[in-house]
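Before any comments, here is the structure.
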Amino acid sequence: SEVEEIMVSALIRRHLRKTCLSSLTRYGAKAKFRRSVSSSAASVAVGPSRLEMPVHGCGTAVFEDHGINQKNLSPQYAKDIVTWALDGGYRLIDTAYMYNNQEQIGSVLAKLFSSGELKRDDVFISTKIAHPNVSTHQDCDYVEKPELDAYQGAAKEIELCFEQLQVDVIDAMMIHWPGKFENKDAETGKQKRAAIWRALEDAYTAGKIKAIGVSNFEIKHLEQLSETWKVKPMVNQIECHPYLNCTELLEYLNDEGIVSMAYCPLGSGLLGVLEDEHIRETALKHAKSMAQVVLRWHIQRGVVPIPKSSSQDRIKANYDVMDFELSKTDMMKLSMLNRNLRVCPDPRNIM
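In the numbering used here, the protein residues as written are 1323 to 1673.
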């Protein structure tokens, strides 16, 4: 009711810092997305071919620590995560060349496909290329070094994705980041993005990839890329959660017909999203976990969340979010929690 919404708004305003409220007035709870999803929807349409992507998927990245000391544990957990995810009902598996786990994922999928337990068309595989260098587990010089040919580097990495995943066609492939972190050379960054995108376009045109997209791209990166693209990006995978609701970017993507995917959709356990009292109240109301409420919030916003976990129980619980629906008041309550907090680097700093 209108009275209830007013009461909720007053409660949350007392809870949040004043710095949050300016963005809420313009982009918060009042925002409406045309690509909203009902409780019965199972997929969203991607690109001009209307490729069906499941409304939620399972991420496979497992890292210990962040920044230059980051340790990649993704390879050792990959087989279990993918097996548990598929057993639990997931049909969208998200990975990346940078995770170094595509060989393990490919091995699991190859066995399932060859045994007939699953068909290739049953599983939507999304992956990413061109991640800037991180610690000792990611070496992508064609992104980092201006003198190297980014097209050739990307083309080689694309082929390695097919080889490692043991498939002939990949459902979606994205540019992982718009450039090296803290890049201040705008012209080189722009040229690198255009060259990497051209490699994806060629693979798409050849029928090897069903949908191509980007990840961590801000509006400025997409507008720059539009100057040279032949094929428009169909997906943008971004960090998004109640403490970083990305409403302005989501509105832009929706208007452009670009599907939004959310990594760290639960705040990755580092920001306290799943300790928020307002999310807890909503979870109690629906007799659901706090994580399930947040994932449902994403889905009803028209965003495809890809939560990650190395726990079988949590993976199963994260999938079970299609048997309830959040009210307008519930949605408003979560949308007003924005604090502009990030787990990963801020892509706005990449020129």
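Glycine is no exception: its CB is placed at the ideal position from the N, C-alpha and C atoms.
In the three-state reduction of the DSSP assignment, Val-1581 falls in the strand class.
Using a 10 angstroms sphere on the CB of Gln-1486, the tally of other CB atoms reaches 16 or more, which defines it as buried.
In this structure, Gln-1622 sits near Met-1653, with a CB-CB distance shorter than 8 angstroms. It is roughly 12 angstroms from the alpha-carbon of Met-1556 to the alpha-carbon of Val-1366. The C-alpha of Gly-1591 lies about 20 angstroms from the C-alpha of Ala-1407. Contact annotation: Leu-1547 and Arg-1520 have beta-carbon atoms that are not nearer than 8 angstroms. Here Cys-1380 is bridged, per DSSP, to Ile-1415.
For the pair Gln-1559 and Asn-1660, the Cα-to-Cα distance works out to about 19 angstroms.
Shown here for His-1453: same chain residues with a beta carbon closer than 8 angstroms to its own, the five before and five after excluded, namely Ala-1418, Tyr-1419, Met-1420, Gln-1460, Cys-1462, Val-1465, His-1498 and Trp-1499 in chain order.
Excluding its 5 nearest sequence neighbours in each direction, Arg-1670 has C-beta neighbours in its own chain below 7 angstroms: Glu-1540, listed in chain order. One alpha carbon belongs to Gln-1398, the other to Gln-1424, and they sit about 11 angstroms apart. For Gly-1411 against Tyr-1641, the beta-carbon gap comes to about 5 angstroms, under 8 angstroms, which counts as contact. Per DSSP, Gly-1535 is one residue of the beta strand (DSSP E) stretching across 1531-1537. Counting of Cβ neighbours within 10 angstroms places Ala-1364 among the exposed residues, the total staying below 16.
Boundaries of the beta strand (DSSP E) harbouring Lys-1450: 1446-1451, taken from the DSSP string. With contacts defined as CB atoms closer than 8 angstroms, Glu-1561 and Arg-1664 qualify as a contacting pair. It is roughly 15 angstroms from the alpha-carbon of Ile-1451 to the alpha-carbon of Lys-1530.
In its chain, beyond the 5 residues on either side, Met-1496, Ile-1497, Pro-1555 and Asn-1558 have a beta carbon closer than 6 angstroms to the beta carbon of Val-1536. Residue environment for Val-1384: buried (at least 16 other C-beta atoms within 10 angstroms of its C-beta).
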